[in-house]
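> Residue numbers (the numbering used here): 57 to 187. In this text, a Cβ means the ideal position worked out from N, Cα and C, and glycines have one as well. Below are the structure tokens for one structure; questions will follow.
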């Protein structure tokens with residue numbers, strides 16, 4: 057089964073002001089370096105993967121939490137992008153299968169509208185660009 061989308065949250069594009077502030081804080085006893093290291097570890101500990109028929113969301117480095125859903129069981133996909141998120145092409149993705157709370161909530165993901173398009177195309181039995 058091929059992966060149509062497989063990404064970790066991004067650092068700079070998701071929060072450019074925080075990234076620049078962390079760089080500026082590096083001379084302050086290496087505080088900025090610690091912030092960047094912590095931030096990098098957090099972004100690498102989450103991954104969203106869209107396959108032909110399934111979605112997999114993994115969280116954690118030492119211990120893992122995995123949520124896997126069939127695309128056919130997805131009821132709603134919501135994408136939230138602030139003004140700056142839209143400029144940089146990132147956003148938050150919420151995936152609902154049942155109920156009022158999202159089963160998957162991935163923040164800071166690159167090209168979130170592509171994920172929504174891939175899911176919608178798979179639900180309709182078609183194909184989407186990039187796949």
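With a threshold of 16 other CB atoms inside 10 Å of the CB of residue 180, please say whether the residue is buried or exposed.
With fewer than 16 other Cβ atoms within 10 Å, it is exposed.
> Can you give, in chain order, each stretch of the alpha helix (DSSP H) that sits fully within the stretch 123-178 and has at least 4 residues?
Those alpha helix (DSSP H) runs which fall completely within the stretch 123-178 and span 4+ residues are 139-144.
> For my contact list, residue 81 and residue 91 are in at a C-beta cut-off of 8 Å; report their separation, rounded to the angstrom.
Confirmed, about 7 Å.
> Within the chosen definition, does the stretch 64-71 reach the stretch 90-110 through at least 3 CB pairs nearer than 8 Å?
Result yes; three or more Cβ-Cβ pairs closer than 8 Å.
> What first and last residue would you give for the beta strand (DSSP E) that runs through residue 89?
Where residue 89 is concerned, there is no enclosing beta strand (DSSP E), although the alpha helix (DSSP H) it sits in stretches over 87-100.
> Helix, strand or coil for residue 62? Go by DSSP, reduced to three states.
DSSP places residue 62 in strand when its eight states are reduced to three.
> With DSSP collapsed to three states, give me the class of residue 111.
Strand, per DSSP.
> Measure the Cβ-Cβ separation of residue 133 and residue 172 and say whether it is below 8 Å.
Yes, they are a contact pair.
> With 16 other CB atoms within 10 Å as the buried threshold, where does residue 60 fall?
Buried, because 16 or more other Cβ atoms sit within 10 Å of the Cβ of residue 60.
> Going by the CB atoms, is the gap between residue 154 and residue 113 shorter than 8 Å?
No, the Cβ-Cβ distance between residue 113 and residue 154 is not below 8 Å.
> By alpha-carbon positions, which one of 94, 126, 127 and 75 ends up nearest to residue 117?
Comparing Cα-Cα distances from residue 117 to each of 94, 126, 127 and 75, the minimum goes to 94.
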